[in-house]
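Student: Numbering (my numbering), first residue to last: 1039 to 1369. Virtual Cβ for every residue (Gly too), placed ideally from N, Cα, C.
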Ligand code: NAD
Ligand code: DAU
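1. For a quick check, are the C-beta atoms of residue 1362 and residue 1330 less than 8 Å apart?
2. Please report the straight-line C-alpha distance between residue 1092 and residue 1180, rounded to a whole angstrom.
3. Would you kindly work out how many angstroms separate the C-alpha atoms of residue 1387 and residue 1192, rounded to a whole number?
4. Let me check you understand the geometry: is the CB of residue 1361 closer than 7 Å to at least one non-hydrogen atom of the ligand DAU?
5. Considering just the uninterrupted stretch of the alpha helix (DSSP H) at residue 1282, what are its terminal residues?
6. If you measure between the beta carbons of residue 1136 and residue 1188, is that distance less than 8 Å?
7. With a threshold of 6 Å on Cβ separation, who are the neighbours of residue 1303 within its own chain once the five nearest residues in sequence on each side are excluded?
8. Tell me the DSSP secondary structure of residue 1207 in three-state form.
9. My assumption, with CB atoms under 8 Å, is that residue 1045 sits in contact with residue 1117. Please give the rounded CB distance.
10. Assess, as a yes-or-no matter, whether the region 1284-1301 is touched by the region 1315-1333 under the definition of 3 or more beta carbon pairs within less than 8 Å.
11. Is residue 1166 closer than 8 Å to residue 1313 when the C-beta atoms are compared?
12. Any heavy atom of the ligand NAD closer than 7 Å to the beta-carbon of residue 1096?
13. Three-state secondary structure (DSSP) at residue 1334?
14. Within the region 1153-1212, note down every full beta strand (DSSP E) run reaching 3 residues or more, in order along the chain.
15. Is residue 1071 near the ligand NAD, going by C-beta to nearest heavy atom under 7 Å?
16. Measure the Cβ-Cβ separation of residue 1230 and residue 1346 and say whether it is below 8 Å.
17. For residue 1195, collect the residues of the same chain with a Cβ closer than 8 Å to its Cβ; drop the 5 residues on either side in sequence, then sort them by chain order.
18. For the ligand NAD, is there a heavy atom less than 7 Å away from the beta-carbon of residue 1115?
19. Assuming residue 1090 is part of the beta strand (DSSP E), what are its boundary residues?
20. Is it right to say residue 1153 is buried, meaning 16 or more other beta carbons lie within 10 angstroms of its own, or is it exposed?
21. Taking only heavy atoms of the ligand DAU into account, decide whether any of them is closer than 7 Å to the Cβ of residue 1158.
22. Going by DSSP, which residues form a beta bridge with residue 1248?
23. What's the C-alpha gap between residue 1295 and residue 1337?
24. Since residue 1213 and residue 1252 are thought to touch, with beta carbons under 8 Å apart, how far apart are those beta carbons, to the nearest angstrom?
25. Looking at residue 1124 and residue 1057, is the spacing between their C-beta atoms short of 8 Å?
26. According to DSSP, residue 1240 sits in a beta bridge with which residue or residues?
27. Helix, strand or coil: which one does DSSP assign to residue 1068?
28. So what's residue 1329 in DSSP terms, helix, strand or just coil?
29. Return the CA-CA distance between residue 1233 and residue 1082, expressed in angstroms with no decimal places.
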């Protein structure tokens, strides 16, 4: 199989490359990535010459047409992915997430190729802390941030292309990922690298917001289950029953890294901050037989801390600029 991975130099895309080389060694992988601030060639270094990296943009129709024509299956991760950036500068989110997905859909339609579109639980908005409901495949879309609105737009484009043009596509909506190669602007690696560098962790607002954490390898195992056994046109929620509030996550990081429980700062909250995400993944478990392997958050987090401790060269050059940007926002 010739697999085209868009956004393969980011967190989930680079991990899917490594996962695929381990579990589906017969695949030939091409990565299309614009190498924005979020992409890293070092994240693909372990793949050596088993992967072809094409540097280019997902909204470039000629390039995307050529790469899709040469592939059998496309997995679409390329996106602007950080909520805080979408609040300070929304335009790149519209360009990459909406126009980019449109560009890819047109190529997939023309060449009649299989597409899996990777999306987020944020398209559904948020839940109250005590709501017994969780997000499912039938939950109405209600995005809050410019990031989640553009991801919702991209999902709706895929749904329209499936219905109107009979494109062979599936969609998954996953909760918050953690693991190696995650950019240090994101919550967990920001706090780990803060502690490693002698800075206190930074908690937005009171820290009561809940995220439903899943290890990136569990996400990618689910993506492969959909590629191999998913219903054409199907939608799948992906989550590992990993709900934690942000304060609890910081407490666990501090404990695992040998720091006092109160060694963190409260900083400005995120405007429009979603309160809680929670996924009901019953459909993918039942229909595709997928189950998460990293079921103990403490162990997955300890392994992630060890990865950042052992890979300072990967993240240290980014740290000062990331923190300077946050400092301007009072975060
Ligand atoms: P990331 O920011 O780590 O990586 C995104 C990658 O896309 C980067 O390598 C970047 O260079 C590339 N890219 C950005 N704009 C591009 C463009 N115009 N053309 C080509 N490449 C471009 O993101 P991630 O966390 O790995 O997320 C990957 C996908 O998974 C996104 O679609 C995101 O919405 C979705 N998702 C993420 C999570 C999460 O918790 N991280 C959860 C659910 C879904
Ligand atoms: O739910 C899936 C989504 O998860 C993905 O679609 C996004 O691409 C991904 O970035 C993530 O979005 P979040 O906004 O939930 O993740 P982030 O890591 O930015 O923040 C997680 C929580 O931690 C959120 O409630 C904000 C809070 N936070 C974040 C940072 C960076 C802090 O308290 N302090 C921080 O320093």
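Tutor: With the given structure in hand:
1. Sequence index remark: in the chain shown, residue 1362 carries index 324 (1-based). Sequence index remark: in the chain shown, residue 1330 carries index 292 (1-based). No, Cβ-Cβ distance for residue 1362 and residue 1330 is not below 8 Å.
2. Stepping through the chain shown from its first residue, residue 1092 is reached at position 54. Stepping through the chain shown from its first residue, residue 1180 is reached at position 142. Cα-Cα distance, rounded: 35 Å.
3. There is no way to answer for residue 1387, as the model of the chain reaches only from 1039 to 1369.
4. What you label residue 1361 is simply residue 323 of the chain shown in a count that begins at 1. It does not: the Cβ of residue 1361 is nowhere closer than 7 Å to a heavy atom of the ligand DAU.
5. Within the chain shown, the letter at position 244 stands for residue 1282. Counting along the chain, residue 1282 sits inside no alpha helix (DSSP H); it lies in the beta strand (DSSP E) bounded by residues 1281-1283.
6. Numbered from 1 along the chain shown, position 98 holds the residue referred to as residue 1136. Numbered from 1 along the chain shown, position 150 holds the residue referred to as residue 1188. In this structure, residue 1136 lies near residue 1188, with their beta-carbon atoms less than 8 Å apart.
7. Taking the first residue of the chain shown as position 1, residue 1303 is located at position 265. Taken in chain order, the residues that qualify are 1238, 1240.
8. On the chain shown, position 169 is the one that residue 1207 refers to. Strand at residue 1207.
9. Here the question's residue 1045 lines up with position 7 in the chain shown. Here the question's residue 1117 lines up with position 79 in the chain shown. Indeed, because the Cβ distance is near 6 Å, the residues count as touching under 8 Å.
10. Touching, no.
11. In the chain shown, the residue the question calls residue 1313 occupies position 275. In the chain shown, the residue the question calls residue 1166 occupies position 128. Yes, the pair counts as a contact, with Cβ atoms nearer than the cut-off.
12. Your numbering for residue 1096 matches position 58 in the chain shown. Under cutoff, so the answer is yes.
13. One-based indexing of the chain shown puts residue 1334 at position 296. If DSSP states are grouped into helix, strand and coil, residue 1334 belongs with coil.
14. Runs of beta strand (DSSP E) with 3 or more residues, each lying fully within the region 1153-1212, are found at 1207-1212, listed in chain order.
15. Along the chain shown, one-based indexing puts residue 1071 at 33. Yes.
16. As a working note, residue 1230 is residue 192 in the chain shown. As a working note, residue 1346 is residue 308 in the chain shown. Yes.
17. Numbered from 1 along the chain shown, position 157 holds the residue referred to as residue 1195. Correct list, in chain order: 1136, 1139, 1140, 1143.
18. Looking up residue 1115 in the chain shown gives position 77. A heavy atom of the ligand NAD is found nearer than 7 Å to the CB of residue 1115.
19. Locating residue 1090 in the chain shown gives position 52, counting from the first residue. Counting along the chain, the unbroken beta strand (DSSP E) around residue 1090 starts and ends at 1089-1093.
20. As a working mapping, residue 1153 is identified with position 115 in the chain shown. The residue is buried, with at least 16 neighbouring Cβ atoms inside 10 Å.
21. Counted from its first residue, the chain shown places residue 1158 at position 120. For the ligand DAU, at least one heavy atom lies less than 7 Å from the Cβ of residue 1158.
22. Taking the chain shown and counting its residues from 1, the one referred to as residue 1248 is at position 210. In the DSSP assignment, residue 1248 forms a beta bridge with 1283, 1314.
23. Here residue 1295 corresponds to residue number 257 of the chain shown, with the count starting at 1. Here residue 1337 corresponds to residue number 299 of the chain shown, with the count starting at 1. One C-alpha to the other measures close to 13 Å.
24. One-based indexing of the chain shown puts residue 1213 at position 175. One-based indexing of the chain shown puts residue 1252 at position 214. Right, the Cβ-Cβ distance comes to about 5 Å (below 8 Å), so this counts as a contact.
25. The count along the chain shown starts at 1 and reaches residue 1057 at position 19. The count along the chain shown starts at 1 and reaches residue 1124 at position 86. One thing to note: residue 1057 has its Cβ no nearer than 8 Å to the Cβ of residue 1124.
26. The count along the chain shown starts at 1 and reaches residue 1240 at position 202. BP columns for residue 1240 point to 1303.
27. Along the chain shown, read from residue 1 onward, the residue named residue 1068 stands at position 30. Looking at residue 1068 - three-state DSSP - the assignment turns out to be strand.
28. In the chain shown, the residue the question calls residue 1329 occupies position 291. Collapsing the DSSP output to three states places residue 1329 in coil.
29. Mapped onto the chain shown, residue 1233 falls at position 195. Mapped onto the chain shown, residue 1082 falls at position 44. Near 26 Å, if we compare the C-alpha coordinates of residue 1082 and residue 1233.
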